[in-house]
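S.K.:
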Amino acid sequence: MRDDGEEITKLQDLQGKTLAGIKADYALTVLKEHYPEFKILEYDSIGECAEQLKAQNVDGIVADEQNIMYYAQGEKMFQDYYILDEEVYTEDVVFAVRKEDAVLGKIIDKAVYKLRTQDVLDRVQRKWFLTSILEDALPRQFIYVWLAVLLSGIAGFFVFLFWYIHKHTRILVEVRTRELNVERMRLKTVLDAIPQYLLEVTPEGQVRLMNQRAKKRYEPKCVVQWGCSCYYPASNFADDKNS
Numbered sequence: 000m001r002d003d004g005e006e007i008t009k010l011q012d013l014q015g016k017t018l019a020g021i022k023a024d025y026a027l028t029v030l031k032e033h034y035p036e037f038k039i040l041e042y043d044s045i046g047e048c049a050e051q052l053k054a055q056n057v058d059g060i061v062a063d064e065q066n067i068m069y070y071a072q073g074e075k076m077f078q079d080y081y082i083l084d085e086e087v088y089t090e091d092v093v094f095a096v097r098k099e100d101a102v103l104g105k106i107i108d109k110a111v112y113k114l115r116t117q118d119v120l121d122r123v124q125r126k127w128f129l130t131s132i133l134e135d136a137l138p139r140q141f142i143y144v145w146l147a148v149l150l151s152g153i154a155g156f157f158v159f160l161f162w163y164i165h166k167h168t169r170i171l172v173e174v175r176t177r178e179l180n181v182e183r184m185r186l187k188t189v190l191d192a193i194p195q196y197l198l199e200v201t202p203e204g205q206v207r208l209m210n211q212r213a214k215k216r217y218e219p220k221c222v223v224q225w226g227c228s229c230y231y232p233a234s235n236f237a238d239d240k241n242s
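Under numbering that gives the first Met the number 0, the residue at position 119 of the sequence shown is numbered 118, and the numbers go up by one with no gaps.
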């Protein structure tokens, strides 16, 4: 289908559309049987169908999915076109040989089995048809559910990782804060035990620190609690021999 913004998700949405298909393709037989109201134009090759689609003479192409994907890959059509999820029909692909060529049938079976066991068949299908045998064997809905579970698991892992790092960091911060408070209280005890006046005053007269002895001396004029600051003219301390 041409990706022109119209939402088409199933065959029933193709009512009133014009489709192109390859002559004698079994898919056209199925569509004509189940959807006789569809308008279908028949051409000799998928290339002709694609040209009609590019020229906007038809709204879509009906053909074997592998053929469409192989052609679309070569013509780089995936940017402007897409493939419906709903199949017209689903059948296994087989090799047919004449009854008198039973030996040839066994040779083909053996070759296919060898290609499967050596993972050659899967790699060939991925290269040329952009799909895999495993994807063909499983229902498409199952693959979507599996991918959703996988993505949810990855998202959950990162959420857990973020939560664990955040929690661990918070614990470290709390431990470090408690250690700093202990050190702070220990320093306060030591400074309060010093008999001299101990003050820390900025050039602007801001008292940043004061021990208990200094607090008693200057408390009538400047009440300072541990860890707080107030302003006190620096000149008041200049002539105080005890300061």
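We put the CB at the ideal spot given by N, CA and C, even for glycine.
It should be emphasised that the depicted structure is a prediction, and the values quoted were computed from it without experimental measurement.
Which residue from 53, 14, 167, 95 puts its Cα closest to that of residue 71?
M.R.: When each option's Cα is compared against that of residue 71, the closest is 53.
S.K.: Any idea if residue 198 is buried or exposed, counting beta-carbon neighbours within 10 angstroms, 16 or more meaning buried?
M.R.: So residue 198 ends up on the buried side.
S.K.: Within 10 angstroms of its Cβ, does residue 59 collect 16 or more other Cβ (buried), or is it exposed?
M.R.: The residue is buried, with at least 16 neighbouring Cβ atoms inside 10 Å.
S.K.: Just mark residue 24 as buried or exposed, buried being the case when its beta carbon has 16 or more other beta carbons within 10 Å.
M.R.: Looking at its Cβ environment, which holds 16 or more other Cβ atoms inside 10 Å, residue 24 is buried.
S.K.: Just reading off the alpha helix (DSSP H) that residue 101 is part of, what are its end residues?
M.R.: It spans 101–116 - the alpha helix (DSSP H) in which residue 101 sits, taken as one unbroken run.
S.K.: On a CA-only basis, which of 208, 3, 34 is nearest residue 190? Give me that one, please.
M.R.: It is 208 whose Cα lies nearest to the Cα of residue 190.
S.K.: Please say whether residue 41 and residue 15 have beta carbons closer to each other than 8 Å?
M.R.: Not in contact: residue 15 and residue 41 (Cβ atoms no closer than 8 Å).
S.K.: With contact counted as at least three CB pairs below 8 Å, one residue from each stretch, are the stretch 98–115 and the stretch 77–84 in contact?
M.R.: No, the stretch 98–115 is not in contact with the stretch 77–84.
S.K.: Does at least one heavy atom of the ligand SAH sit under 7 Å from the Cβ of residue 63?
M.R.: For the structure depicted, the ligand SAH is absent and the ligand set is empty, with no information on it obtainable.
S.K.: To the nearest angstrom, how far is it from the Cα of residue 165 to the Cα of residue 181?
M.R.: Looking at the two C-alpha atoms, the distance is approximately 24 Å.
S.K.: How would you call residue 2, buried or exposed, if buried means at least 16 neighbouring beta carbons within 10 angstroms?
M.R.: Classification of residue 2: exposed, given that the 10 Å Cβ count is below 16.
S.K.: For the alpha helix (DSSP H) containing residue 32, list its first residue and its last residue.
M.R.: Counting along the chain, the alpha helix (DSSP H) containing residue 32 begins and ends at 25–33.
S.K.: Where does residue 184 sit, in a helix, a strand or coil, going by DSSP?
M.R.: Here residue 184 sits in helix by DSSP.
S.K.: Nearest CA to the CA of residue 13: which residue from 114, 22, 38, 29?
M.R.: Ranking 114, 22, 38, 29 by Cα distance to residue 13 puts 38 first.
S.K.: For residue 22 and residue 44, what's the separation of their Cα atoms in angstroms?
M.R.: So the alpha carbons of these two residues sit roughly 8 Å apart.
S.K.: Alpha carbons only, please: which of 184, 28, 75, 210 is nearest the one belonging to residue 193?
M.R.: Among 184, 28, 75, 210, the Cα nearest to that of residue 193 is on 210.
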